[in-house]
Structure formats: C-alpha cells, structure tokens
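Have a look at the structure below before the remarks.
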Amino acid sequence: MSDVARFERLRDRLGALHGRSPALARQIGDVDISSLRAPADLAAIPVLRKSALADMQRAAPPFGALAAAPTDAFLRLFASPGGIYEPEQAGADPWGAARAFAAAGVARGDIVVNCFSYHLTPGGRILESGAMALGCPVIPAGPGNTEQLIAAIAHLRPSVYAGPPDFLKIVLDKARTLRADVSSLTKALVSSAALPPTLRAELEGAGIRTRQAYATADLGAIAWETDDTNGNLMPGLAVNDDLIVEIVTPGTDDPAPAGKVGEVVATRLVGDYSLLRFATGDLSQWAAPGRLRGWMGRADQSTKVRGLFVHPGQVVEAGKRHAGLGAVRLVVTRTGEQDAMTLHAETPAASDALAAAVAATLQALTKLRGEVRLVAPGALPNDGKIISDERPVE
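Last residue of the sequence shown: number 394 in full-length UniProt numbering, and the count goes up by one each step with no gaps.
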C-alpha cells in the first residue's frame, strides 16, 4: 500500500474516531487532521509511550479513554506486563497476522501448532487468529509441557510451528532424545526472540522453512519476512499495510535522520481501539522503503546518575540548543567510586567555548555536572543509543 493510500485511510479513521475517543482527541490537539498527508506531518502529534498509556489506563479504566466502543463490544480482554490492558477486536484477523503466515508459505489445509502464550497476554491469540483467518486449524499449545507437546505433534501431525525460535530448537532436541517423530513440521513462523543465522540454519537443516515476524502485544503483527519471486529471502521485514510505521530519535517525538537507528513508532489504522504514534520501545532502522531491519534492542535508556534519573530526551535537547551539533551520546561510567557522565557530540567546528556552553546546558537540563567531548561528524556509532551506561555490574 502506498503512503497516499495509508494517509487517506488515516484521515478517514481519525475523523471517525475523534468524537468517540476522548484520549485520541486530546493527543491530536489542535492539529488539522486534513493536513496529515505524509510521515513527516505526524511529527506535530506527540508520541504515546507505554508508561503514559499505563498511567492513562489507571486514571480512566479499562483502556484510558482510547476505546471508541464499549468494553462489551470487544472479543477478548488481555492483561500484559507493565500494567497495560489490551482489547481484542471482533472480526477475522484483528491483529494482522494472516499475511505474516501467508508470507511464510502457510495456506489453508496446514495445521499450526501455536507455542505462544495464551495466559492473560495476547501473544497466543495474535498468531492463532491469523492462522484461523487462512483456514488453518490451530493446536493451542502455549509454551512448556515439552513432552506432552511432542506427543501431540507426533499424533496430530501439524505442518507449521508458531512460537519463539529457541523453543522450537528445544522441541527438536527433546524429540530426538525421545525418538519421537516430529517430521511433519516443515514451516515455522517465529517471533519474540532473536533468530541468529546459526539458529536459522539449524532449523532449516532440520527441514523446517523458517521465517520471522515482528509483533507486539499492543499493535499485533508489525512486520514480517517475505521472499522475492524466486523464493529467496529478501532483506528486512515488510511493514503491515494496516500500520504507519516511523523511526524516531529515542526519547523524543522527532523522526530520526535518514539511515539512523531509532525507536519504532506505529499508528494502527483499524478498529475501535486505534493507537496513534505509539512508541514500542524497540530499536530498528529502515532496511529499504517499507521494510524494517528487524529488532535491534530496546530504546528506553533512562538511567540513574548520582541519584537522579537522566532521560534520552534531555540529552537530545542539550544537543538541539546549540547550532552545529549533530548526533549526541551520553556515556555514564564510574570514576573514583563516583558516577561520571560525558556527553559526546558530533560537530565540524569543535572549540573549548562550545564544549563549555554545551556542558552548562547539560547541567541545566539534568541538574548534574558532566564533561563534554566534541567529536567529528560520523564518529559516534549508529546503534540508536542516546545513553550508554558503561558502569561495571557488581
């Protein structure tokens, strides 16, 4: 789907929801919905972070005044870690996972053994609903109970595994020990854990074509691997057409510079529980237009220095207040049994006067003294880190 089509849908949905979702209306504020025509236009709307969503839900249960329908209009109600609650909307494939399965080669007639959790959180249902939308029967296995699971696989002969990749390896290893036949498994859609090349090679060496998806409890399926017309795996993960995905500088509302690692922010365009510019807390970058590189770590880098919390947004703001500064990175260490912090900032025009001015700004924003080290443009790693806590763990 093109950006033009996505933003036309966004304007229609926001117009329909504005009067029915008080929290969404507050987030939009004075922004003219008709002006939202490209990703850059969304920067006028503040990002909604998980911590703020949890606060909203505590203040206005159950869903923080974001839902545009009564609670009994939803199919299921989930409770996720961090005090966040999610409704499951009615209809086929409410979490958008069917296309992830299809991209993994799954089709009607396949039986799926689903090893994502069904307990309180939506993980199991995200994948189950997608498989069922394709016409695939689902074995609701959940994690654990490995021997019983292997017996079920041997008896029911599912062709598709859905779950974390490392648990699939556990199942295969245990099946060999038990001399159980799990050879019916020929496809896997994995998520929620790293899939290093060595593990992918091991799973595919066992005859299981393995593809991965990126999903969250709040948004459902965000992106997934796809193949080219020759059946070869393409770089990155294709973004779900039902979402508008941005990469922002961690701790801010601002789009990250092109090519930079940043925080994944997504807008869900469907249903009566829409999330606008919702920050996942995950790091990624664009591999190509419309394709994410995948999960690259966590964006929440707030840390405590000398008893005070320092947040990425404060560090970025220190850089913004001085013309000519580019990327910034706060490094926290221990010196002489005391916390020490050094702000590294890229600039083509380093000077002692500039360093002193930046140090004063840093102290004003954080209430903490720190050194400033000015470095050449491009010197800082492109890994999405704004704060790097390098203190030893004792």
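Note that the Cβ used here is the ideal one computed from N, Cα and C, for glycine as well.
The structure presented is a predicted model; accordingly, all values stated were derived computationally and were not measured.
The alpha helix (DSSP H) enclosing residue i, as first and last residue numbers
i: G123; result: 123-133
i: F101; result: 98-103
i: G378; result: Note, G378: premise wrong, no alpha helix (DSSP H); not H, not E.
Residues near residue i by beta carbon distance below 7 Å, same chain, minus five either side
i: D228; result: M234
i: E128; result: N114, V138, P140
i: D300; result: G281
Cα-Cα separation, residue i to residue j
i: T146; j: A154; result: 12 Å
i: D339; j: W224; result: 41 Å
i: G207; j: M1; result: 33 Å
i: A345; j: G205; result: 46 Å
i: V280; j: A288; result: One detail in the question is off: residue 280 reads as Thr in this sequence, not Val. Answer to the nearest angstrom: the Cα atoms are 20 Å apart.
i: S34; j: R11; result: 6 Å
i: A103; j: A97; result: 10 Å
i: P201; j: K187; result: As written in the sequence, residue 201 is Ala, which differs from the Pro given in the question. Answer to the nearest angstrom: the Cα atoms are 13 Å apart.
i: N230; j: A364; result: 57 Å
i: R76; j: P381; result: 43 Å
i: G336; j: A356; result: 23 Å
Bounding residues of the beta strand (DSSP E) (the contiguous stretch that carries residue i)
i: L374; result: 371-375
i: K187; result: 187-190
i: I244; result: 243-248
i: E337; result: Neither: E337 is in no beta strand (DSSP E) and is coded neither H nor E.
i: F116; result: Neither: F116 is in no beta strand (DSSP E) and is coded neither H nor E.
i: A212; result: Going by the sequence as given, residue 212 is Gln instead of Ala. Run containing Q212: 209-216, per the beta strand (DSSP E) assignment.
i: D389; result: 387-389
i: L42; result: Neither: L42 is in no beta strand (DSSP E) and is coded neither H nor E.
Cβ pair residue i, residue j closer than 8 Å
i: L276; j: L48; result: yes
i: A162; j: V112; result: yes
i: P94; j: G271; result: yes
i: G324; j: T347; result: yes
i: Y214; j: L185; result: no
i: F74; j: P61; result: no
i: A217; j: S351; result: no
i: Y273; j: Q89; result: yes
i: L53; j: I84; result: yes
i: E390; j: T333; result: yes
Presumed contact (8 Å Cβ cut-off) between residue i and residue j, rounded CB distance
i: V190; j: P165; result: 4 Å
i: L283; j: G384; result: 4 Å
i: L330; j: V310; result: 7 Å
i: L368; j: L308; result: 6 Å
i: F101; j: G130; result: 5 Å
i: T249; j: V316; result: 6 Å
i: F78; j: P122; result: 4 Å
i: K260; j: Q285; result: 7 Å
i: F116; j: G124; result: 5 Å
i: V358; j: V372; result: 5 Å
i: P312; j: I387; result: 6 Å
i: L66; j: L24; result: 6 Å
Own chain partners of residue i with C-beta closer than 6 Å, once the 5 adjacent residues on each side are dropped
i: T361; result: A318, R321
Neighbourhood of residue i by C-beta distance below 8 Å, restricted to the same chain and skipping five residues each side
i: I150; result: V171, K174, A175, L178, A180, V182
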